[in-house]
Amino acid sequence: MDAFFASAEQLTRPTLRGRPVLVGGAGQRGVVAGASYEARVFGARSAMPMHQARRLVGAAAVVVPPRGAVYSVLSAQVFDALRSRVPVLETLSFDEAFAEPAELAGASVTRVQQYCTMLRALVRERTGLTASIGAGTGKQLAKIGSGLAKPDGLRVISPAEQVELLAGLPVRKLWGIGPVAESRLRSLGIETVGAFAALPESEAATLLGGSLGTALHRLARGIDDRPVTERAEAKQISAENTYERDIVTLTELRTAITAMAAAAHRRLDRDGRAARTVVLKLKKSDMSIVTRSFTLPYATADPATLAAAAQRSAIDPAQLGPIRLVGVGYGGLSMVRQESLFPELDQAVPEDLGTEPDHDPEPVIRQPEQPGGQWFPGMDVAHPDFGHGWVQGAGYGVVTVRFETSSTGPGPARTFPADDPGLTRADPLTSLS
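If you count the sequence shown from 1, position 103 lands on 103 in full-length UniProt numbering, and the numbers rise without skipping.
Take a look at the structure:
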C-alpha cells in the first residue's frame, strides 16, 4: 500500500488530499508513523522525530494522530479483496503481503502485468486506496519491484533482466543486509549486489556467517525459492506508548498501565483468543528497559482480570526512576477460555491486596497523539446538525471542525465554543462511511 497511514487519513478526510500529511505524535518525543508522498518530497519519512519532519516540511505540514482502528479496518478490507483472488497471502504488516498465484507459474511478463493490474484495480475499487505491486521470480525481486513501482505503480522484473537489475543495486537493498553487514562489505570495496554476487559463496559465508552469508549470496544471484505461506499466529499481542513527559509517580504509572492494557485488549478481542501471561514493559528515561510478567492460572479474555494482572507488575517510579514508555502485552494465547472461580481476587488491583496506596493527586497523562485539552487536532467528533467531522484546531475557548468523511469530498469547516453541548467525541470508523 502507498503511504498507508497517511493515505488512510487523506481518504477519510478529503481536505487533506494533495497536502503534506504527517501521522504521529505532536509532542517533543513524537515520532512520524507515516508520511504522505507530498510530505516525503521535503525529506520527511517514517520513524523520523516529528519535530524534525515538521521543520523539513514547514508551515504546510498537517499533523494528525494515528487512528489504529481505521487502519485496521482498511487493512482487513485490502487483504480480504486480495484473498478473493489469491487464497494464500503471506502478510508482512498492516499494508504489505506476498502472493504467489498458481496461474502465474511460467506466465509471460504481459500476463503477469495484466493480472497485477487487475489486483490493483480491485484494491482501489474496494477501499479507495492505491497499491503498488512488484512481481518477480521470488520474494526478494517482488519486494524490490514494489519499491521501484511506488507510488501507485506496477513493476514486473522478468527473468531475463533480473541479474542485470540486481547487479546495479546498492548491497543494502538485499533483504537481510543491515548497517553492520553493509559496513563490513563496504570496507572491502563491495558496494553493489553484483559485486557481492561475484564473490565465491564460501567467502560470502565467511564474511557474514555460514547460513546467513550463503542465503544472502543466493539472493544476490537471483535465486530465491522461498514459498509464500500464511504467517503463524502472533505469540503475543501488545500495545505501548511513549509519553511526552516522564512518568514520575505511581498514580501516573497506574493510569498509563490501564490505558495500555485496554488498548492491548482491543487487539486481543479482534484476534479472538484468550491470554494467560501479562507482560509489563517500562522504558526509563535513560532508555533502559525493564519487563515484568504475571501468569494467570488460566487463559482469559476478561479485560478487568488482564488489567489487574498488569497492575501487579507495576514498579513505583520513585524507586525505578522516571519512565518514558509503558507497554502491556498478552502472551500464552489460546482459543480456550476458562472462567475464574474467584474473579474478585483475580480482578483486584494491588491496592486492594494490601499494597500501600499512592496518595499523589490524579495526574494528566499527556500522550504524544493527544496533547491535552478537551479537543485536540485530529480528534473525531460529531454534531447533530453537521454530522461527522474532525478537529482542525482548538484553543482560546473555541474549536474548529471540518465536517467530512471518505464519501463526502472536502467538507465545510465550522467554529464552535469549546463547551458547545452539541459537539461530542465520535467513533473514528464513522469517517469510513
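Note that the Cβ used here is the ideal one computed from N, Cα and C, for glycine as well.
For P65, which three-state DSSP category applies? coil
Which residues in the same chain as L16 place their Cβ atom closer than 7 Å to its Cβ, once the five residues preceding and following it in sequence are excluded? E9, Q10, V62
So, using beta-carbon positions, are A33 and P87 closer together than 9 Å? The criterion of a C-beta distance shorter than 9 Å is not satisfied by A33 and P87.
Alpha carbon of F294 to alpha carbon of P317, nearest angstrom: 19 Å
Drop a sphere of 10 angstroms on the beta-carbon of V70, count the other beta-carbons inside from all chains shown, and report buried for 16 or more, exposed for fewer. buried
When you compare only the Cα positions, how much space is there between A81 and T229? 18 Å
9 Å Cβ cutoff met for W175 and K139: In this structure, K139 lies closer than 9 Å to W175 by Cβ.
Option nearest T300 by Cα separation, candidates L74, R273, K281, L154: R273
Secondary structure at K143, three-state DSSP: helix, strand or coil? helix
In this structure, does DSSP put A275 in helix, strand or coil? DSSP, reduced to helix, strand and coil, places A275 within a strand of the structure shown.
Can you tell me the Cα-Cα spacing of A310 and K284, whole angstroms? A straight line joining the alpha-carbon of A310 with that of K284 spans about 18 Å.
E240 bridges to which residues according to DSSP? In the DSSP output, where bridge partners are listed per residue, E240 has G327.
If contacts are defined as beta-carbon pairs under 8 Å, then R85 and L122 qualify, I think. What distance do you get, rounded to the angstrom? 7 Å
Starting from the C-beta of L429, find all residues in its chain whose C-beta is less than 7 Å away, skip the five residues before and the five after it, and write them out in chain order. A69, V70, V73
By the DSSP assignment, the beta strand (DSSP E) with L296 in it spans what residues? 289-300
Please classify E344: is it buried, with 16 or more other beta-carbons within 10 angstroms of its beta-carbon, or exposed? Residue confidence for E344 is low, a pLDDT of 42 falling below 50, so the modelled location carries little weight; the figure read from the coordinates is stated next. When all chains shown are included, E344 counts as exposed.
Delimiting residues of the alpha helix (DSSP H) encompassing A35: That residue, A35, is in no alpha helix (DSSP H); its beta strand (DSSP E) goes 32-35.
DSSP bridge partner residues for P49 (one or two, in chain order): V31
Coil, strand or helix - K173 by DSSP: helix
If you count every other CB in all the chains shown that lies within 10 Å of the CB of T251, and 16 or more means buried, which is it? Label assigned to T251: buried.
Can you tell which of S75, V78, Q77, V41 has its C-alpha closest to the C-alpha of A60? V41
So which of P384, L253, P417, A107 has the shortest CA-CA distance to L320? Out of P384, L253, P417, A107, L253 has the C-alpha closest to the C-alpha of L320.
Residues sharing a beta bridge with E96, DSSP: DSSP, once it has assigned bridges, lists S93 as partnering E96.
Please state whether DSSP places A8 in a helix, a strand or coil. helix
How big is the Cα-Cα spacing for D225 and I289? 39 Å
Residue burial classification, Q374 (beta-carbon count within 10 angstroms, cutoff 16): exposed
Just mark E38 as buried or exposed, buried being the case when its beta carbon has 16 or more other beta carbons within 10 Å. buried
Can we say the region 235-249 touches the region 200-215, given the rule of at least three CB pairs closer than 8 Å? no
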